Structures are given as C-alpha cells and as structure tokens.
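Participant: All the letters of the sequence shown, read from the start, carry residue numbers 132 to 243 under the working numbering.
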Amino acid sequence: MIYLELLLICAIIIFICDLSGAIDDLVIPLVKRVLNIPKNANINIKPFDCSLCLTFWIGLLYLSIQHAFTIPNIAYVCLLAYLTPHLKAILLYIKEFLIWIENKFYKIIDET
132 MIYLELLLIC AIIIFICDLS GAIDDLVIPL VKRVLNIPKN ANINIKPFDC
182 SLCLTFWIGL LYLSIQHAFT IPNIAYVCLL AYLTPHLKAI LLYIKEFLIW
232 IENKFYKIID ET
C-alpha cells in the first residue's frame, strides 16, 4: 500500500511543480516580492521548483512519518524521483488521449 501512496504523492508533486504552473505563477513571484528581488531576475527555489527534488525529500519525509524507513522503500522513492520526467510525460499522454477521445465524440455529434 505504501508504494501506491508514494506513487500518488509523486503524481501530485509532478502536477503541482511541472504541469499546473503554480510554482512559476505563485511561489516565485511571492519569493521575489518578499526578498525584494527584481521581477525580471531568474531564480530557482530548489527543492520547491524541481519535481525530482521534491519527490525525493517528501518521499523520505513520508517514509519517516509512516515508520517505513527501509532500504527497499528508500530505493523506491529514489526510483520515483528519477522517473519524474517520464511520469510527467505519461500524465501528458493521458491528457492527449482524453482530448483525442473528446474530439471523436465531437465528430460523432457533428455527423448526426
């Protein structure tokens, strides 16, 4: 069960960091304003703007909270963190597949 939960946590992190734009649109401007950094400055706020980093650290935190800090579980978290670019691509493929299905429905509706 913990492996599924970690996978879902990873998917949530990928959504927030890579797909939603929340980091670029909300967090970075807030950090720039608080630290009085020019608006056009390019900053990184790792681990918060990196899905790989955030998956790793939140995964380790989750393992420690669940008292499941074992070598196989740590290795699984590392694997999930390493695969975040590919998991992001899978989420985007799912979105494109749903768009394809939606377009097929529109074609069926237009033909009637």
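Just so it is clear, CB atoms sit at the ideal spot from N, CA and C, and this is done for glycine as well. Since this is a predicted model, take the numbers as computed values, not measurements.
Would you identify the three-state DSSP class for L211, choosing helix, strand or coil?
Facilitator: Assignment of L211 by DSSP, reduced to helix, strand and coil, places it in the helix class.
Participant: State the DSSP-derived secondary structure class of L166, mapped to helix, strand or coil.
Facilitator: coil
Participant: Could you compute how far the alpha carbon of D149 sits from the alpha carbon of D155?
Facilitator: 9 Å
Participant: Could you say if the region 207 to 221 and the region 137 to 152 meet the contact criterion of at least three C-beta pairs nearer than 8 Å?
Facilitator: yes
Participant: Does the beta-carbon distance from F187 to V162 come in below 8 Å?
Facilitator: no
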